[in-house]
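Chemist:
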Amino acid sequence: ERGGAAVAPLAAEELAAPLPRAYEWIDGSAYIHHIELVRKARGAEPPETLTTDPLVYQGGSGVLLGPTDDIVLRDEAWGLDFEAEVCAVLGDTPQGARRDEAHRHIRLFLLANDVTLRNLVPAELAKGFGFFCSKPATAFSPFAITPDELGDALRDGRVHLRLRSTYNGALVGDPEAGPEMHFSFFDLIEHIARTRSFTAGTLLGSGTVSNRDPARGVSCLAEKRMLEILAHGAARTPFMKPGDTIMIEMLNRSGESLFGRIAQRVVAG
Numbered sequence: 001e002r003g004g005a006a007v008a009p010l011a012a013e014e015l016a017a018p019l020p021r022a023y024e025w026i027d028g029s030a031y032i033h034h035i036e037l038v039r040k041a042r043g044a045e046p047p048e049t050l051t052t053d054p055l056v057y058q059g060g061s062g063v064l065l066g067p068t069d070d071i072v073l074r075d076e077a078w079g080l081d082f083e084a085e086v087c088a089v090l091g092d093t094p095q096g097a098r099r100d101e102a103h104r105h106i107r108l109f110l111l112a113n114d115v116t117l118r119n120l121v122p123a124e125l126a127k128g129f130g131f132f133c134s135k136p137a138t139a140f141s142p143f144a145i146t147p148d149e150l151g152d153a154l155r156d157g158r159v160h161l162r163l164r165s166t167y168n169g170a171l172v173g174d175p176e177a178g179p180e181m182h183f184s185f186f187d188l189i190e191h192i193a194r195t196r197s198f199t200a201g202t203l204l205g206s207g208t209v210s211n212r213d214p215a216r217g218v219s220c221l222a223e224k225r226m227l228e229i230l231a232h233g234a235a236r237t238p239f240m241k242p243g244d245t246i247m248i249e250m251l252n253r254s255g256e257s258l259f260g261r262i263a264q265r266v267v268a269g
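Each residue of the sequence shown is one higher than the one before, counting from 1 in UniProt numbering.
1. Which of the three DSSP states, helix, strand or coil, is assigned to residue 121?
2. Unbroken alpha helix (DSSP H) runs of length 4 or more, entirely within the region 75 to 132: which are they?
3. In chain order, what are the residue ranges of uninterrupted alpha helix (DSSP H) at least 4 long that sit wholly in the region 183 to 256?
4. Select from 94, 133, 138 and 107 the residue whose C-alpha is nearest the C-alpha of residue 115.
5. Could you say which of 251, 101, 261 and 240 lies nearest to residue 267 if we only look at CA atoms?
6. Using 8 Å as the Cβ pair cut-off and three pairs as the minimum, do the region 188 to 206 and the region 221 to 235 touch?
7. Under three-state DSSP, which class holds residue 15?
8. Within a Cβ cutoff of 7 Å, which residues of the same chain sit near residue 96, ignoring the five residues on either side of it in sequence?
9. If you count every other CB in all the chains shown that lies within 10 Å of the CB of residue 94, and 16 or more means buried, which is it?
10. What residues match up with residue 176 in a beta bridge as DSSP calls it?
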């Protein structure tokens, strides 16, 4: 209208991650099925505390990729993989925070692509010090939303919606993020706060969303490859290479994109 503010279409490629950096990026592994499959893939047994003690690692938070930033791959032998996840942004969280009060510390939700270099993982974990070179920069969705915007899809610290992963233009995963999240965000908060406090802006990931029903597909290539090994005796799907694309998105029950899309391309480094 005359006299109104100028408007322009939203350019997705101009959007950055909601947080350009964070004090901490902590990623859990809350889906038991995912843990079982990726452990099989690298010939490792699940821990005895698999269902009682959450797995977490601390990733790099100085550089957080935007939703359309390229994934730079210097060596295809490293085994590049995507991992589609749900994340929470925490407010100030005190040491000793309990599960029954954890909802007070969640400020926002968003999505993540926890990029992993699978072939670097076994040797790194064998050193006994955890992930480092196998976990390059993580990408995040363009929008983060407050918990109330999820409505009744947010129950007991879990987001009960499907997380879609589209790899090279084909839908490869559409799992339910809620029902099989063994450790809820409330459980993860209680676990990480056992010995530490956390500053507002800390990012906490769910780990790769995974369902036991094969019809729901996968949220990473490692699971797809392990399912192929179990079915055919060998993996048929290679890890990512330059030119490959991954899109991650979560829709509400009305078909609206809640967080916008993560849409990345792999490029040679």
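We put the CB at the ideal spot given by N, CA and C, even for glycine. All of these numbers come straight from a predicted model, not from anything done at the bench.
Modeler: On the basis of the coordinates in this document:
1. The sequence position of residue 121 within the sequence shown is 121, counting from 1. When secondary structure is reduced to three states using DSSP, residue 121 falls in the helix class.
2. Inside the region 75 to 132, DSSP marks whole alpha helix (DSSP H) runs of 4 or more residues at positions 121 to 126, from first to last along the chain.
3. 185 to 192 and 221 to 232
4. Residue 115 sits at position 115 when you count from the first residue of the sequence shown. Answer by Cα proximity: 138.
5. What you label residue 267 is simply residue 267 of the sequence shown in a count that begins at 1. The option with the nearest alpha carbon to residue 267 is 240.
6. no
7. Here residue 15 refers to the residue found at position 15 when the sequence shown is read from its first residue. Coil.
8. The residue given as residue 96 occupies position 96 in the sequence shown. These residues qualify, in order along the chain: 193.
9. Position 94 of the sequence shown, counted from the start, is the residue given in the question as residue 94. Exposed.
10. Along the sequence shown, read from residue 1 onward, the residue named residue 176 stands at position 176. Its beta-bridge partners are 162.
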